[in-house]
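Quick note on numbering: the numbering used here labels position 242 of the sequence shown as 242, and the sequence is numbered without any gaps.
One structure is given here, and the rest of the page talks about it.
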Amino acid sequence: MNLPPAHRRPNTLGVHSLDRFVFSVPDLDIAERFYRSFGLDAQGDANRLDLCTRDSTHCWGSVFANGRPKKLQYLRFSTYDDDFDALAARFRSAGTCDPHPLSDGAGAWTRDPDGTPVQLVAGPKVSAAAKRTAEPRPSVAPGKGAAPSRKTAARVRPRRLSHVLLFTPDVPRQLAFYTQTLGLRLSDRSGDIIAFMHAPHASDHHVLAFAKSHAPGLHHSSWDVDSFDDVGLGAEMMRNDGYAKGWGVGRHVLGSNYFYYVQDPWGSFAEYSFDIDFVPADIDWAPGDHPPEDSFYVWGPAVPDDFVVNHEAPA
Ligand SMILES: [Fe+2]
């Protein structure tokens, strides 16, 4: 008897992974400096920068330069081979569009209600397949100091992309589209202000999230790190490299992850995340609608004034 893999939810049509996010910035050198400092393997050529993580050849994000202000270009989702045709039919029902000129042109294409192109490909699952715990740290004998010196602390290197959060003028409209067309599922929301979605075949609490704004845009990408210590160490590393603005360290309520957001050169953010909630393929997550004042963060410093400013589309 063929048993489905533990991370596949039976009789459920939906993408399994956010495979890649793609955006453009005015200057690629500035992007390369920022993401290398952040701990990613950022490599490419004069026109394109691919964002990879340690121990993996997967490209989680691509950055292009066009001299114009930062802009989200498209999202790419992946599915199991035998689900592709049925999902591609849903893309056709939603209305196909031409492949994005900065893409490989593969798979099926549509636009979400905000006009952002969405690509569907068949490919390996790259979203989390299990809840991961902290990397064990070497035990230190009583009577010895456990902390490294500042000089010997290892640079933080994220292990994978967790999620992206998009601005949108209409959170419920985006929720309906990504539910009906891609099979993502609501994890939690705060009314029509913010919402989080997971993939049905096991994933983090959210692979895609939406926050209300006057226009679409990319608010942040979030990167999973090995430990709570790495969240703080990453923040310090970025401050030392000149990226002083950010928010954290703190702990979210929805998703439960420990966070530090460092502001990127374009006013949006890259997040170090540790210990985000996980939704297995054999459990239905019970979505909640939470009061905003009690669901943003459990603890942490005051939120910076410009944390939810849409720099991609100034008001
Ligand atoms: Fe996040």
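Note that the Cβ used here is the ideal one computed from N, Cα and C, for glycine as well.
Rounded Cβ spacing between residue i and residue j (contact assumed at less than 8 Å)
i	j	result
F274	Y261	In fact, because the Cβ distance is near 13 Å, the residues do not count as touching under 8 Å.
P113	D170	7 Å
L186	V15	Not really, about 15 Å apart at Cβ, beyond 8 Å.
G107	V121	4 Å
V231	G39	Contact doesn't hold; Cβ gap of about 12 Å is too wide.
P216	L72	7 Å
V279	S203	6 Å
A211	S17	Their Cβ separation, rounded to whole angstroms, is 22 Å, which puts A211 and S17 out of contact at 8 Å.
S190	S295	5 Å
Three-state secondary structure assigned by DSSP to residue i
i	result
L40	coil
G288	strand
R132	coil
T79	strand
E271	strand
G248	strand
Y261	strand
G123	coil
P172	helix
R239	helix
F196	strand
G232	helix
F278	strand
R90	helix
T179	helix
D50	strand
L208	strand
R9	coil
L28	helix
F34	helix
D294	helix
D55	coil
D85	helix
R185	strand
T116	coil
H201	coil
M1	Because the pLDDT at M1 is just 45, under 50, the model does not fix this residue reliably, and the value given afterwards should be weighed accordingly. DSSP places M1 in coil when its eight states are reduced to three.
Inter-residue spacing [alpha-carbon to alpha-carbon] between residue i and residue j
i	j	result
A86	T12	11 Å
H219	G143	45 Å
A315	K151	43 Å
L102	V308	28 Å
H201	G288	20 Å
D98	R111	10 Å
A94	C52	31 Å
L184	V140	44 Å
K245	R239	8 Å
D224	R251	14 Å
W266	Y74	18 Å
I194	S221	16 Å
Q174	F91	15 Å
D41	D50	8 Å
H205	A281	12 Å
A6	P26	43 Å
L165	F259	14 Å
D82	P138	44 Å
D192	L208	15 Å
L254	A286	12 Å
S24	N66	7 Å
A153	M237	10 Å
Buried versus exposed call for residue i [16 or more other C-beta atoms within 10 Å across all chains shown]
i	result
M1	Low per-residue confidence applies at M1: pLDDT is 45, beneath 50, and the placement is therefore not dependable, though the value from the model is reported in the following sentence. Looking at its Cβ environment, which holds fewer than 16 other Cβ atoms inside 10 Å, M1 is exposed.
P148	exposed
I283	exposed
R20	buried
S78	buried
T168	buried
S256	exposed
S214	Strictly speaking, residue 214 in this sequence is His, with Ser absent from that position. Label assigned to H214: exposed.
Q180	exposed
T135	Just to set this straight, residue 135 is Glu in the shown sequence, not Thr. Per the 10 Å Cβ criterion, exposed.
E271	buried
W299	exposed
P158	buried
S56	exposed
E293	exposed
R68	exposed
G242	exposed
G115	exposed
D264	buried
D188	buried
* **Cβ contact check for the stretch 29-39 and the stretch 119-130: 3 or more pairs under 8 Å** => Taking a cut-off of 8 Å for Cβ pairs, the stretch 29-39 and the stretch 119-130 do not touch, as fewer than three such pairs fall below it.
* **contact_flag[the stretch 241-255, the stretch 295-312] where n(CB pairs < 8 Å) is 3 or more** => Under the Cβ criterion (8 Å, minimum of three pairs), the stretch 241-255 counts as touching the stretch 295-312.
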